[in-house]
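Note that the sequence shown covers residues 0 to 343 in numbering that gives the first Met the number 0.
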Amino acid sequence: MKRLCSILTGIVLSMQMISAVSRYTYAESDTPKKQVFTVSPSELTMIEGETCKLSVTVDPEFADQSSVYLHSCEYKTIVSHDGTVTAYSCGEDEIMVEVSVPDDSSDTGNRIYYQEVKIQVQRDETLPAETRAELDRLQNHSPYGEFQRRCLELLGILDENAPRITAEQINEILQNTATTEEMIAKINAVHSYPDYIWHGDPGDMIYWLDEKGNDKLCISGQSMFFRTKIYDDGTYKEETALYPPEIDFGTITGPMDGADRTYILYNQLPYDDINPVHGDANHDGVFNMADIVTLQKWLMNVPETKMFNWKMADFNQDEKLNAIDLTLMKRALIVSSAVPARWN
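Right, dumping it as structure tokens:
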């Protein structure tokens, strides 16, 4: 079965950008001849875990303070409506400060003026070695995304036992809330900060995960919500479109091709999707008796048995794991101690 990720391609927005789009339609943006608003400071150097506050002053001749909207462009920082900026990931970021001004000459009835605040987030070298190592792992191994929630936990900004949203709560919110902006606000009220923000071409995706990442909510496209379930080995189990109703394609069940990289990185699992080893159920890089034991225990529902590589254990490639695969694995190991190591 083909991996469903192709459905999730297209224009993808973060919760912050969706909030902006739902508030107003962008007119032509330019630098105002008159000073519509001021922002101070215009540049910042911060350290991971540090918090500061931007001062945004709007000229009442043009608009009031409620017209201000702020968002992070590179997700190295978090910025709130009152201008509070929290740095959590090393690198360069820009805070976009926007003000919506009524303008009868515009087709949309308003014009958006903006200013950028450049921020450089530096490493906190005073952190304990284990904390520093984990932050580096999350940041270095995920060049196209940010594990926002986990970084905030490691920096002591968010309690590690902070509540996570459940599938039941998500369904209730989606069914009883009128707008996407309100949906996101309610989700964030329960589940503080998304677990992962993927940014790239053509757009971004926001993920809220359960404790291990086996069950996740994703917002993508034009305010579309999807729910994905993942096996312990990181391969896809099923995907369901939750909202809006017109994109309902039912539930696609797996295993689907490919692995969920967010899950793999989040749980520090080894994964080689270029040259995986056929029969390597426990994903240690070789096919041996340990893989047969893993599959046998998994088929017997032995507690705590983890199937780290579902696809490689599917010896006859029928997308099912059963006694046939176990028999074929045993036979292959007996016939030759030099089983072809690479999956072709």
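Beta carbons are placed, not taken as given, at the ideal position from N, Cα and C, and that holds for glycine.
Remember, it's a predicted structure, so these values are computed and weren't measured experimentally.
Who are the Cβ neighbours of P243 in its own chain at under 6 Å, not counting the five residues just before and after it? none
Take every Cβ of the segment 174–185, pair it with every Cβ of the segment 226–233, and state whether three or more of those distances are shorter than 8 Å. no
Beta-carbon contacts of N175 that lie in its chain and below 7 Å, excluding the five residues immediately before and after: none
Three or more C-beta pairs below 8 Å linking the segment 96–109 and the segment 55–70: yes
Should T50 go down as buried or exposed, given a rule of 16 or more other Cβ atoms within 10 Å for buried? exposed
Which residues bound the beta strand (DSSP E) around T83? T83 to A86
Identify whether C150 lies in helix, strand or coil by the three-state DSSP scheme. helix
By DSSP, does Q121 sit in helix, in strand, or in coil? strand
Residues of its chain near N315, where Cβ-Cβ distance is below 8 Å and the 5 sequence neighbours each way are ignored: I323, D324 and L327
Contact between the segment 109–116 and the segment 131–147 is defined here as three or more beta-carbon pairs at a separation below 8 Å; is this criterion met? no
Among residues of its own chain, excluding the 5 on either side of L208, which ones have a beta-carbon nearer than 6 Å to its beta-carbon? D194 and K215
Who are the Cβ neighbours of I46 in its own chain at under 6 Å, not counting the five residues just before and after it? Q121 and D123
Distance, N109 Cα to T24 Cα: In this prediction, T24 scores a pLDDT of 38, lower than 50, which makes its location untrustworthy; the coordinate-derived value is nonetheless stated afterwards. Roughly 8 Å between the two C-alpha positions.
Assuming L332 contacts M288 under a Cβ cut-off of 8 Å, what Cβ separation, rounded to an integer in Å, is found between them? 7 Å
Please return the same chain residues whose Cβ sits closer than 7 Å to the Cβ of Q168, not counting the five positions on each side in sequence. V189
Is DSSP giving P101 helix, strand or coil here? strand
Let's see if you can read the secondary structure: which residues bound the alpha helix (DSSP H) around L298? M288 to L298
Classification of Q267 by the beta-carbon crowding that lies within 10 angstroms, buried from 16 upward: exposed
Across which residues does DSSP place D203 in a beta bridge pair? H198
Secondary structure at N139, three-state DSSP: helix, strand or coil? helix
Pull up the distance between the alpha-carbon of S18 and that of S222, whole angstroms please. Per-residue confidence for S18 stands at a pLDDT of 37, beneath the threshold of 50, marking its modelled position as unreliable; no derived number is given.
Note down, in chain order, each residue of its chain lying with its Cβ closer than 8 Å to the Cβ of E93, except the 5 sequence neighbours on either side. S71, C72, E73, E115, V116, K117 and I118
Starting from K236, trace the beta strand (DSSP E) both ways and give me its first and last residue. Y235 to Y242
Residue of I172, D203 and P162 minimising C-alpha distance to Y192: P162
How would you label D317, buried or exposed, when you count the other beta carbons within 10 angstroms and need 16 or more for buried? exposed
Need the endpoints of the beta strand (DSSP E) that M182 sits in, please. Segment T179 to V189 is the alpha helix (DSSP H) holding M182; no beta strand (DSSP E) there.
Would you grab the beta carbon distance between T304 and K296 for me? Rounded to a whole angstrom, and I think it's under 8 Å. 4 Å
By how many angstroms is the C-alpha of E238 removed from the C-alpha of F61? 47 Å
Just to confirm the assignment, what range does the alpha helix (DSSP H) spanning I169 have? A166 to Q174
Quick check: M306 and D203, are their CB atoms within less than 8 Å of each other? no
Starting from K52, trace the alpha helix (DSSP H) in both directions and tell me its first and last residue. Here K52 belongs to no alpha helix (DSSP H); instead the beta strand (DSSP E) covers T50 to K52.
R260 lies in the alpha helix (DSSP H); which residues open and close that run? R260 to Y265
DSSP three-state call for E47: helix, strand or coil? coil
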